[in-house]
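**Student:** Here this note's numbering = 1-based position in the sequence shown + 98. Don't be surprised by glycine CBs; every beta carbon is placed ideally from N, CA and C. Being a predicted model, the structure only gives us computed values, none of them experimental. Here it is, the structure, as structure tokens.
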Amino acid sequence: MPANVNKAQALEKLLKYLKYNRKMLIACGDGLNDISMIEYAGIGVAMGNAQDIVKEKADFITKSNAEDGVANAIDIFWADNKKIMSGEHENN
């Protein structure tokens, strides 16, 4: 990948192509190269094993890679989204 390109820029192009809004995007990462993506996404998720600076930039911290952190984040946000869509969410 060219030096002046980052993961957020790649996601921006993908979302534009798919005609999705970045608010609909959940991005998970653990390294310094993931910070732009985590900050860009509607919900930025740091893995439990992520570097501290990555965790500071995230909206949510999930379990580690070894503990299936991405699947954990999907389960949490999928369940929350279902509650919102059904009117069960506590903020309604």
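Whose C-beta lies closer than 6 Å to the C-beta of K153 among residues of the same chain, with five residues either side of it excluded?
**Tutor:** So the list reads A144, I159, once near-sequence residues are dropped.
**Student:** In or out: I182 buried (at least 16 other Cβ within 10 Å) or exposed?
**Tutor:** Low confidence applies to I182: its pLDDT is 47, below 50, so where it sits in the model is not reliable, and the reading given next is rough at best. Answer is exposed; the Cβ neighbour count stays below 16.
**Student:** Rounding to the nearest angstrom, what Cα-Cα distance links G142 and A106 in this structure?
**Tutor:** G142 and A106: Cα-Cα distance of roughly 11 Å.
**Student:** Output the boundary residues of the beta strand (DSSP E) element that contains A144.
**Tutor:** Where A144 is concerned, the enclosing beta strand (DSSP E) stretches over 141-144.
**Student:** Sort A101, A148, L130 by Cα distance to A164 and report the nearest one.
**Tutor:** Closest option to A164, Cα to Cα, is A148.
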